[in-house]
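Written out below as structure tokens is the structure these notes cover.
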Amino acid sequence: MANDDRDVLTVLKAELRFLENGGYRRCPGAPWRPQFIFEDSCTCINHERREPLLPCRECILMHFVPPDCRDEQIPCRHIPLNKEGFTLDTYYRLGNFEEGEAAVRDWLRRKIHELETVAPREKRV
Numbered sequence: 081m082a083n084d085d086r087d088v089l090t091v092l093k094a095e096l097r098f099l100e101n102g103g104y105r106r107c108p109g110a111p112w113r114p115q116f117i118f119e120d121s122c123t124c125i126n127h128e129r130r131e132p133l134l135p136c137r138e139c140i141l142m143h144f145v146p147p148d149c150r151d152e153q154i155p156c157r158h159i160p161l162n163k164e165g166f167t168l169d170t171y172y173r174l175g176n177f178e179e180g181e182a183a184v185r186d187w188l189r190r191k192i193h194e195l196e197t198v199a200p201r202e203k204r205v
């Protein structure tokens, strides 16, 4: 699975900071299109990368993608964000950006808390 050698806690904290600082609400590189959570931040292993793109299976977020969704075109859109099992894909299809953003914010806070308190001495994910 993931060949991404970044620390998962560091990545999740950076993603939360990016989200809370309005990073998805301003994108000078592509102001004409909606922003995609995870894909349009430094969390994505292909963010601002030109060809050749790295396969998503190498991304650190794959640890959170259910096994049956790992072959999806954009696997990070299939991370379950809440107890109902809603994903970014769910919000993109049925909700709105604000709902998806709030769900990701809550998920990030829970995961960060879990990593900091449940297994602080273990190797993270």
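Quick note, the sequence shown lines up with residues 81 to 205 if you use the working numbering. Beta carbons are placed, not taken as given, at the ideal position from N, Cα and C, and that holds for glycine.
L96 is not a Cβ neighbour of L161, given a cutoff of 7 Å. Between the beta-carbon of G180 and that of I117 there is about 6 Å, and that keeps the pair under the 8 Å contact cut. By the Cβ-count criterion, T123 is buried, with 16 or more other Cβ atoms from all chains shown falling within 10 Å of its own Cβ. Around the beta carbon of L134, fewer than 16 other beta carbons lie within 10 angstroms, which makes this residue exposed. Assigned with DSSP and collapsed to three states, G180 falls in helix. Under the three-state reduction of DSSP output, E138 falls in the helix class. Per the coordinates, the alpha-carbon of L195 lies some 13 Å from the alpha-carbon of H143. Judged by DSSP in its simplified three-state form, E100 adopts helix.
In terms of CA proximity to L141, C156 leads the group D148, R130, C156 and D151. Around the Cβ of L174, a 10 Å sphere holds fewer than 16 other Cβ atoms; the residue is exposed. In the structure shown, the three-state DSSP call for F118 is coil. A check of alpha carbon separations from D151 across C136, G165, D120 and K163 identifies C136 as the nearest.
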